[in-house]
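A.B. asks: Take -11 as the starting number for the sequence shown in my numbering and just add one per residue.
We put the CB at the ideal spot given by N, CA and C, even for glycine.
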Amino acid sequence: MLDKRMEEALNKQINAELASGYLYLSMATYFEDEDLPGFANSLRVHAEEELEHGMKIYDYIIRKNGSVVLEGFETPERQWDGIVAVYEAILEHEELVTSLINDLMDLAEELNDHATIQFLLWFVEEQVEEEELAHEDLRKVRMAVDSRHLLYELDKEYGSLTSNEE
Ligand code: FEO
């Protein structure tokens, strides 16, 4: 049985994960327009992973006999001031998600909810990985942005990404 406060907070996190996916999908459309299909692919893969994160929480709430309540999303941003700005926005967004996971963990600890603490540990580790990747991508993009050759190579690299590699 989930505490009502925990259930509500987990439902909000489903929305945050899916909204992250919506934002990354919007970034993919930006790269499609910029004629960088590899970059678009990597953001699309990232969007799919956010849906998986949301579904992990969905399944957990159901397993704990709780109720899933879905909410709407805000219209995601559609324009950025260049490629580097997109990757700065991704890093900033992942840092925000990390803080949301930390808030969930704080609540689970306050409620002495050991099962949810255990469940959330996967997300704690995932956010370490997400921030690490966001830093790495930002570093690569900053190095490549002024060279058409490097940008082409990076677009090719991102074009071959599939789920579990991003
Ligand atoms: Fe599910 Fe990228 O945080």
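Please state whether DSSP places SER74 in a helix, a strand or coil.
C.D. replies: Here the question's residue 74 lines up with position 86 in the sequence shown. One point to set straight first is that residue 74 is Val, not Ser, in the sequence displayed. Correct three-state label for VAL74: helix.
A.B. asks: Going by the C-beta, is HIS41 closer than 7 Å to any heavy atom of the ligand FEO?
C.D. replies: On the sequence shown, position 53 is the one that residue 41 refers to. Flag set: Cβ of HIS41 near the ligand FEO.
A.B. asks: For GLU154, count neighbouring Cβ atoms within 10 angstroms of its own Cβ and tell me buried if that reaches 16, exposed if not.
C.D. replies: In the sequence shown, counting from the first residue as 1, residue 154 sits at position 166. Low local confidence applies: a pLDDT of 46 at GLU154 is under 50, so the model's placement there is unreliable, with the coordinate-based value given in what follows. With 16 or more other Cβ atoms within 10 Å, it is buried.
A.B. asks: Give me the Cα-Cα distance between ASP23 and ARG32, rounded to the nearest whole angstrom.
C.D. replies: In the sequence shown, counting from the first residue as 1, residue 23 sits at position 35. In the sequence shown, counting from the first residue as 1, residue 32 sits at position 44. The alpha-carbon atoms of ASP23 and ARG32 are separated by roughly 15 Å.
A.B. asks: Sorry if obvious, but does the Cβ on SER222 come closer than 7 Å to a heavy atom of the ligand FEO?
C.D. replies: As displayed, the chain neither begins before -11 nor continues past 154, which places residue 222 out of reach and without an answer.
A.B. asks: Select from GLU83, GLU118, VAL57 and ASN53 the residue whose C-alpha is nearest the C-alpha of MET(-11).
C.D. replies: The sequence position of residue -11 within the sequence shown is 1, counting from 1. Ranking GLU83, GLU118, VAL57 and ASN53 by Cα distance to MET(-11) puts ASN53 first.
A.B. asks: Starting from the C-beta of ALA96, find all residues in its chain whose C-beta is less than 7 Å away, skip the five residues before and the five after it, and write them out in chain order.
C.D. replies: Here residue 96 refers to the residue found at position 108 of the sequence shown. Around ALA96: MET(-6), THR104, ILE105 and LEU108.
A.B. asks: Taking 7 Å as the cut-off, is the beta-carbon of VAL85 closer than that to any non-hydrogen atom of the ligand FEO?
C.D. replies: Position 97 of the sequence shown holds residue 85. Because some heavy atom of the ligand FEO lies under 7 Å away, the Cβ of VAL85 counts as near it: yes.
A.B. asks: Taking ASP(-9) as the reference, which of LYS0, GLU5, ASN100 and LEU84 has the closest Cα?
C.D. replies: As a first step, residue -9 must be located in the sequence shown, where it is residue number 3. When only C-alpha atoms are compared, the closest one is ASN100.
A.B. asks: With PRO25 as the anchor, note down where its alpha helix (DSSP H) starts and where it stops.
C.D. replies: Residue 25 sits at position 37 when you count from the first residue of the sequence shown. 25 to 51 is the span of the alpha helix (DSSP H), which, as asked, contains PRO25.
A.B. asks: For the candidate residues HIS81, ILE71 and GLY42, whose alpha-carbon lies nearest to that of SER135?
C.D. replies: On the sequence shown, position 147 is the one that residue 135 refers to. That would be ILE71, whose Cα lies nearest to the Cα of SER135.
A.B. asks: Express the C-alpha separation of GLU114 and SER14 in angstroms, rounding to a whole number.
C.D. replies: Translated into the one-based positions of the sequence shown, residue 14 becomes position 26. Translated into the one-based positions of the sequence shown, residue 114 becomes position 126. Computed Cα separation, rounded: 22 Å.
A.B. asks: Can you find a heavy atom of the ligand FEO that lies under 7 Å from the Cβ of GLU124?
C.D. replies: Here residue 124 corresponds to residue number 136 of the sequence shown, with the count starting at 1. No, since every heavy atom of the ligand FEO falls outside the 7 Å radius drawn around the Cβ of GLU124.
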